[in-house]
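Undergrad: I'd like to ask you about the structure that follows.
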Amino acid sequence: FDVYGVPIIGSNNVWKGVLLVFHDITELKKLEQMRKDFVANVSHELKTPVTSIKGFAETLMDGAKNNQETLEAFLSIILKESERLQTLIQDLLELSKIEQQGFKLNLQRLDLDHLLEEVIALLTGKAQAKNIKIEYNNFPGQVLIKGDIDRLKQVFINLVSNSINYTPDGGSVKVVLENNRDHVRIHVLDTGVGIEKEEIPRIFERFYRVDRARSRNSGGTGLGLAIVKHLVEAHHGNIIVRSELGKGSEFIIELQNENELLDGEIIGK
Ligand code: ADP
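In the UniProt record's numbering, the protein residues as written are 328 to 596.
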């Protein structure tokens, strides 16, 4: 609590008492702590690849470059860490853009079936590299909704990428589109490592990872699901997660399929 007092003085200048004002700052303090944690996390995440790039470049300059094999190995690490840095910066910029007040979706009529086909096509190579079967049964006909094509593509790229990343080699990933009277559901299912029940509410937090090493190895930034959550909420949609440890996970996105969203609607907080 933040407390301050104001004296109450009567007409003949005598003290009548003190007015105490109690200000509940729990929420403010929480926000301040979240901001501090975020800055600390960003700094740490940026520092790790930069330290590695600097270290390997210095070692090369100190003479390691004379050995062809070392040169190639170190350069490939430098490239991988730079790419990691680039992805992290892209995700941070994306998150900051969608968290801005007055952030606007570019709403238009779109065919969800077509959009999902595109997402699957984009990620087939990534799945093949892990010998993961990726499946999407074309929906008979179009499934029209009002949404932001690029943002929704981002949502499904993040979800399907996660399913591939957190599924061991040889597993499978499936996308199912379900069209109901007033809403559509997109299910992203995998036969992966699964998520413990207590962890499920936390995975949408910025930088939260159940297994940091696994996430890092798969090129994850820990921001993917935070971005998904924001974008689905901006579309007035819902996210449902079902998961069983060691068996697999299912992420369900529910969106309105009626034209309830107005063009140019401002999404702010
Ligand atoms: P990351 O870049 O680490 O994948 P995300 O925000 O996309 O970050 O996801 C947060 C965490 O949630 C991941 O680190 C992982 O622990 C967990 N997670 C996300 N999707 C899945 C999934 N399909 N199966 C198992 N765990 C998952």
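Quick reminder that beta carbons are idealized off the backbone N, C-alpha and C, glycines included.
Treat the numbers as computed from the prediction; the structure is a model and nothing was measured.
Quick check on proline 376 - is its C-beta less than 7 Å from some C-beta in chain B?
TA: Protein chains in the displayed structure number just one, and chain B is not present.
Undergrad: By DSSP, does glutamate 396 sit in helix, in strand, or in coil?
TA: What you label residue 396 is simply residue 69 of the sequence shown in a count that begins at 1. Helix.
Undergrad: Is asparagine 489 near the ligand NAD, judged by its Cβ being under 6 Å from some heavy atom?
TA: Ligands present in the displayed structure are limited to the ligand ADP, and the ligand NAD is not among them.
Undergrad: In the DSSP output, what is lysine 501 paired with across the bridge?
TA: As a position in the sequence shown, residue 501 is number 174, starting the count at 1. Paired residues: Glu462 and Leu516.
Undergrad: Using a Cβ-Cβ cutoff of less than 8 Å, which residues in the same chain neighbour alanine 391 once the five nearest sequence positions on both sides are dropped?
TA: Residue 391 sits at position 64 when you count from the first residue of the sequence shown. Contacts found: Thr397, Leu398 and Phe401.
Undergrad: Contact defined as beta carbons within less than 8 Å: I believe isoleucine 579 pairs with isoleucine 567. What is the distance between those atoms, to the nearest angstrom?
TA: Looking up residue 579 in the sequence shown gives position 252. Looking up residue 567 in the sequence shown gives position 240. About 4 Å separates the two Cβ atoms, so the contact holds.
Undergrad: Go through its chain and collect everything with a Cβ distance to glutamate 571's Cβ below 7 Å, but skip five positions before and after it.
TA: The residue given as residue 571 occupies position 244 in the sequence shown. Once the five neighbours on either side are set aside, the close Cβ partners of glutamate 571 are Gly521.
Undergrad: Helix, strand or coil: how does DSSP classify histidine 350 here?
TA: The count along the sequence shown starts at 1 and reaches residue 350 at position 23. Histidine 350 falls in the strand class under three-state DSSP.
Undergrad: Look at the alpha carbon of lysine 381 and the alpha carbon of glutamate 359, and state the distance between them as a whole number of angstroms.
TA: The sequence position of residue 381 within the sequence shown is 54, counting from 1. The sequence position of residue 359 within the sequence shown is 32, counting from 1. Looking at the two C-alpha atoms, the distance is approximately 33 Å.
Undergrad: Between leucine 346 and isoleucine 335, which are expected to be in contact by the criterion C-beta below 8 Å, what is the C-beta distance as a whole number of angstroms?
TA: The residue labelled residue 346 in the question sits at position 19 within the sequence shown. The residue labelled residue 335 in the question sits at position 8 within the sequence shown. With a Cβ gap of about 6 Å, leucine 346 and isoleucine 335 count as contacting.
Undergrad: Counting pairs of beta carbons, one from the stretch 435 to 450 and one from the stretch 472 to 481, are three or more of them closer than 8 Å?
TA: With the cut-off at 8 Å, the stretch 435 to 450 and the stretch 472 to 481 touch.
Undergrad: Would you mind stating whether leucine 415 and glutamate 444 have Cβ atoms separated by less than 7 Å?
TA: Numbered from 1 along the sequence shown, position 88 holds the residue referred to as residue 415. Numbered from 1 along the sequence shown, position 117 holds the residue referred to as residue 444. Contact: no.
Undergrad: Any idea if tyrosine 331 is buried or exposed, counting beta-carbon neighbours within 10 angstroms, 16 or more meaning buried?
TA: Taking the sequence shown and counting its residues from 1, the one referred to as residue 331 is at position 4. Exposed.
Undergrad: Would you kindly report the start and end of the unbroken beta strand (DSSP E) that includes asparagine 489?
TA: Start at 1 with the first residue of the sequence shown, and residue 489 comes out as number 162. Premise fails: asparagine 489 lies in the alpha helix (DSSP H), 476 to 492, not in any beta strand (DSSP E).
Undergrad: Does the Cβ of valine 502 have 16 or more other Cβ atoms within 10 Å, making it buried, or fewer, making it exposed?
TA: On the sequence shown, position 175 is the one that residue 502 refers to. Per the 10 Å Cβ criterion, buried.
Undergrad: Alpha carbons only, please: which of Asp389, Gln417 and Glu385 is nearest the one belonging to glycine 549?
TA: The residue you call residue 549 lines up with position 222 of the sequence shown. Nearest C-alpha to glycine 549: Gln417.
Undergrad: Grab me the residues of phenylalanine 349's own chain with a C-beta within less than 7 Å of its C-beta, minus the 5 sequence neighbours each way, in chain order.
TA: Start at 1 with the first residue of the sequence shown, and residue 349 comes out as number 22. The residues are Phe328 and Val330.
Undergrad: Could you tell me whether the Cβ atoms of aspartate 538 and glycine 575 are closer together than 7 Å?
TA: Taking the sequence shown and counting its residues from 1, one reaches residue 538 at position 211. Taking the sequence shown and counting its residues from 1, one reaches residue 575 at position 248. Contact: no.
Undergrad: If you check the beta carbons only, do glutamate 408 and proline 376 fall under 7 Å apart?
TA: Numbered from its first residue, the sequence shown carries residue 408 at position 81. Numbered from its first residue, the sequence shown carries residue 376 at position 49. Yes, they are a contact pair.
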